[in-house]
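S.K.: As numbered in my numbering, residues -5 to 337 make up the sequence shown, in order. Even for Gly, the Cβ is constructed at its ideal location relative to N, Cα and C. Note that this is a predicted model, so its numbers are computed, not measured. Take a look at the following structure, please.
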Amino acid sequence: MSVHAIIWDDASDRLVLLDQTLLPGETVYRTIETTDDLVRAIEVLAVRGAPALGVAGAMGVVVAMDEARRQGWDEASLQHAIDRVRAARPTAVNLAWGVDQVRPVLPQGRAAVLAAARQLAADDEAANRELSRSGVDWLLDRVDRRRLRVLTHCNAGALATAGWGTALGLVRELHARGRLEVVYADETRPLLQGARLTAYELAADGIPHLLQSDGAAASTIVRGRVDCAIVGADRIAANGDAANKIGTLGVALACADAGIPFVVAAPWSTVDLATASGDDIEIEERAGEEVTTYAGTRVAPLVTEGFNPAFDVTPARLVSAIVTERGVVEPARGEAMTGSPGE
Ligand code: MRU
């Protein structure tokens, strides 16, 4: 499946996003005309997933430039609009990173900024394919089973990236090598990225999968029904702590108890060496109504308020491997991420 959730449409010369809030029922592409459109699309998760947010942020700089020209904005208004895109969601470092990658190109003009944003998208897809290969090599060296049973949480597939996927990239690679038995996909309450998006991608590729409630994950792992868990990440701190969708920490704890690998797959753009540990990662807290309702219908008493952290942090000691396009790091064995902040 090579669905692209983020497209720079040559015909209209506009940013076009696949509205992921409507999947799998409806396939609707939305043209982004303004930075308000883009900020809203990011806030409601029409575009989501850390690497995809990076691409949206980079292309959002072009959206802001076009709006500035149409509206006759001064430089300060343009920079303010770009800042709003950059800050639309706090946890995935890729969003700010994507904006920051292309912002220095602004003085070179629109064509150069657009070219830089497109290159960033192409690099992301290439990184996903590279890390999928090395991640699968790492796993197959350690799991003594012909066909692997994999658990994943949230959606870290083509929809969450510029294409191919991170955690689902490894799944696709295993499947292509004939080494995948089945994927257990956690439904991922409250917004059901697992049920709506991961199952959609796996079904489209004909990859065997079972959808389970988030509450089933620990038992599935501890009862020996899976060989490993593979998840994506929104931000990886220098010490190997990894933020990902709420519920990921429980998966990691169960994997440690069961003695099976817990693998985090992400492009290097998700690694934030300026953040020393997970304690310094801001966790997005979303509206309580996302929890007190189900499919738009109130399920909790009217007086009940929801608590809705969107992400959690898995400590490095529980992370068997972090797989990026630069190779594999093993935080649980004391390895840290290395490099210079900002690269
Ligand atoms: O709230 P979301 O849907 O943006 O959360 C997405 C995740 O948690 C993904 O696992 C993560 O961004 C990695 S995507 C390759």
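Looking only at DSSP bridge pairs, what is V322 linked to?
M.R.: V317
S.K.: For M202 and E175, what's the separation of their Cα atoms in angstroms?
M.R.: Note on identity: in this sequence residue 202 is Pro, with Met being the wrong assignment. The alpha-carbon atoms of P202 and E175 are separated by roughly 7 Å.
S.K.: Hey, could you find the ends of the beta strand (DSSP E) Q206 is sitting in?
M.R.: 203 to 206
S.K.: On the DSSP bridge list, what partners appear for W2?
M.R.: L9
S.K.: Might you give, ordered along the chain, the residues of its own chain that have their beta carbon closer than 7 Å to the beta carbon of N149, omitting 5 neighbours on each side?
M.R.: G43, Q187, G188, L191, T192
S.K.: Looking at the structure shown, is C222 part of a helix, part of a strand, or coil, going by DSSP?
M.R.: strand
S.K.: Would DSSP call E167 helix, strand or coil?
M.R.: helix
S.K.: Out of V55, S126, Q14, T146, state which residue places its alpha-carbon closest to the alpha-carbon of R219.
M.R.: T146
S.K.: Taking 8 Å as the cut-off, is the CB of N302 close to at least one heavy atom of the ligand MRU?
M.R.: no
S.K.: Taking 8 Å as the cut-off, is the CB of G333 close to at least one heavy atom of the ligand MRU?
M.R.: no
S.K.: Does the Cβ of G48 lie closer than 8 Å to at least one heavy atom of the ligand MRU?
M.R.: No, since every heavy atom of the ligand MRU falls outside the 8 Å radius drawn around the Cβ of G48.
S.K.: With a threshold of 16 other CB atoms inside 10 Å of the CB of T25, please say whether the residue is buried or exposed.
M.R.: exposed
S.K.: Is DSSP giving R127 helix, strand or coil here?
M.R.: helix
S.K.: Given 8 Å as the limit, tell me if R166 has its C-beta closer than that to any heavy atom belonging to the ligand MRU.
M.R.: no
S.K.: Using a threshold of 8 Å, is the CB atom of R83 nearer than that to any non-hydrogen atom of the ligand MRU?
M.R.: Indeed, a heavy atom of the ligand MRU lies less than 8 Å from the Cβ.
S.K.: For a test of the three-state rule: what should DSSP assign to G151, helix, strand or coil?
M.R.: strand
S.K.: With H, G and I counted as helix, E and B as strand and the rest as coil, what does DSSP make of L185?
M.R.: DSSP places L185 in coil when its eight states are reduced to three.
S.K.: If you draw a straight line from the alpha carbon of S207 to that of E195, how long is it in whole angstroms?
M.R.: 18 Å
S.K.: How is the beta strand (DSSP E) around A237 delimited, first residue to last?
M.R.: 236 to 239
S.K.: V257 and A315 - do their beta-carbons sit closer together than 9 Å?
M.R.: yes
S.K.: Helix, strand or coil: which one does DSSP assign to E61?
M.R.: helix
S.K.: Look at V322 and W158 and say whether their C-beta atoms are less than 9 Å apart.
M.R.: no
S.K.: Between the alpha carbons of A(-1) and G163, how many angstroms are there, rounded?
M.R.: 15 Å
S.K.: Which value, in whole angstroms, describes the spacing of the CA atoms of G129 and R123?
M.R.: Spanning the two alpha carbons is a distance of roughly 10 Å.
S.K.: Is the Cβ-Cβ distance between R78 and T29 less than 9 Å?
M.R.: yes
S.K.: On a Cα-Cα basis, can you pick out the residue from S213, S263, L267, E284 that is closest to C249?
M.R.: S213
S.K.: Got a sec: does the ligand MRU put a non-hydrogen atom nearer than 8 Å to the Cβ of A227?
M.R.: For A227, the shortest C-beta to heavy atom distance toward the ligand MRU is below 8 Å.
S.K.: Do V313 and A246 have their C-beta atoms within less than 9 Å of each other?
M.R.: yes
S.K.: For a minimum of 4 consecutive residues, which ranges assigned as the alpha helix (DSSP H) are wholly contained in the segment 88 to 147?
M.R.: 104 to 136
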